[in-house]
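Numbering (our numbering), first residue to last: 579 to 915.
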């Protein structure tokens, strides 16, 4: 089951992740611990469950296993990618002005904007150091190149995401669904692809297998982002940890709304009118649902899962790990339904 799989991989990675964060300046380590959910402001132990599901960690561990290596071979990759992920969340929350993540104040709200940016920078530097000092010196350089390439894609995706907010909902300058998919591959897919590929590199996989893991992870990432957008519009805040309709309030362009606007359904016209006058987000979410935005987003997510399955048919990959990767791919969408 995906839950057990994620738990197994988190347990494999957690000691190395804690050790890495412990090498930071104590103040930065506290902010990192807070962002991971390990502690509260001031450093006291957190009583709530920590962090997210650990999908990226699991991809790195499974990437190593898909190469025929033991899970531990993928741990440096898992640590590096998790550090980069949290770095991106810290900066994302500052850029987007998000005040809540996982049902408590975001790091910038709890500690201040400057400290949150600095903590993100520290996690990024620590991620590169972790990979550069990984157990396979022969693979380390290739691993760092992979990570730097994924970071370039991630930053480009974030740039597009920010620029989308200033574009109109209709007319020639509107954001098309295809543009959104390209942005999502950079912002979310690049790091998931990198996680699986890095695990493969550190596990000694041949180049075609590493490329297949990267393609599969990128496709899973797009599916993950699409389904995340569905949760942002129609999910339960108690489950997501974020306020519902936050994206609509901020004028962010998400796939379900873009797909709904492109629909011939009458509700699409009402939705366009409502969005152009900054109308009620709850009403906008209802109209997007009526215009087929939710079903279109989930159908698109399933198409990307099919692409991931095709990539994982690469003969050099070990079958048991491929089965686990496929289970994880399904989880990326099913958790939102």
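From the three backbone atoms N, C-alpha and C, an ideal C-beta is built for every residue, glycine too.
Query raised in the report: Hey, residue 886 and residue 907 are a contact pair by Cβ (cut 8 Å); roughly how many whole angstroms apart?
Result: 5 Å
Query raised in the report: When you compare each of 868, 764, 881 to residue 911 by their alpha carbons, which one comes out closest?
Result: 881
Query raised in the report: Taking the continuous alpha helix (DSSP H) assigned at residue 830, which residues delimit it?
Result: Where residue 830 is concerned, there is no enclosing alpha helix (DSSP H), given that its DSSP letter is neither H nor E.
Query raised in the report: How would you call residue 603, buried or exposed, if buried means at least 16 neighbouring beta carbons within 10 angstroms?
Result: exposed
Query raised in the report: Just curious, the alpha helix (DSSP H) that residue 663 is in, first and last residue?
Result: 653–674
Query - Distance between residue 641 and residue 776 (C-alpha atoms, nearest Å) - result: 7 Å
Requested in this report: Note down, in chain order, each residue of its chain lying with its Cβ closer than 6 Å to the Cβ of residue 619, except the 5 sequence neighbours on either side.
Outcome: 688
**Report entry** Residue environment, residue 711, which counts as buried when at least 16 other CB atoms sit within 10 Å
**Finding:** exposed
Query raised in the report: Quick one: is residue 854 buried, meaning 16 or more other Cβ sit within 10 Å of its Cβ, or exposed?
Result: exposed
**Report entry** Proximity winner among 664, 805, 860, relative to residue 523 (alpha-carbon distances)
**Finding:** Outside the displayed span of the chain (579 to 915) sits residue 523, for which this structure offers no information.
Requested in this report: In angstroms with no decimal places, state the Cα-to-Cα distance between residue 585 and residue 707.
Outcome: 26 Å
Query - Collapsed DSSP secondary structure at residue 711 in the structure displayed - result: coil
Report task. From the DSSP output, read off the bridge partner residues of residue 623. Result -> DSSP lists 617 as the beta-bridge partner residues of residue 623.
Query raised in the report: For residue 598 versus residue 661, is the C-beta distance shorter than 8 Å?
Result: yes
Query raised in the report: What's the C-alpha gap between residue 837 and residue 730?
Result: So the two alpha carbons sit approximately 27 Å from each other.
Query raised in the report: With a Cβ-Cβ cutoff of 8 Å, do residue 734 and residue 764 count as a contact?
Result: If you check the CB distance, residue 734 and residue 764 come in under 8 Å.
Requested in this report: Would you decide whether residue 797 is buried or exposed? Buried here means 16 or more other CB atoms lie within 10 Å of its CB.
Outcome: So residue 797 counts as buried.
**Report entry** Own chain residues within Cβ distance below 8 Å of residue 622, not counting five before or after
**Finding:** Excluding residues up to 5 positions away in sequence, nothing lies with its Cβ nearer than 8 Å to the Cβ of residue 622 in the same chain.
Query raised in the report: Could you check where the alpha helix (DSSP H) with residue 873 kicks off and where it finishes?
Result: 871–889
Query raised in the report: Name the DSSP beta bridge partners of residue 683, please?
Result: The partner list for residue 683 (beta bridge, DSSP) reads 678.
Query raised in the report: Counting along the chain, where does the alpha helix (DSSP H) carrying residue 592 start and finish?
Result: Run containing residue 592: 580–599, per the alpha helix (DSSP H) assignment.
Query raised in the report: Which residues in the same chain as residue 975 place their Cβ atom closer than 7 Å to its Cβ, once the five residues preceding and following it in sequence are excluded?
Result: Residue 975 lies beyond the range of the chain shown here (579 to 915); nothing can be said about it.
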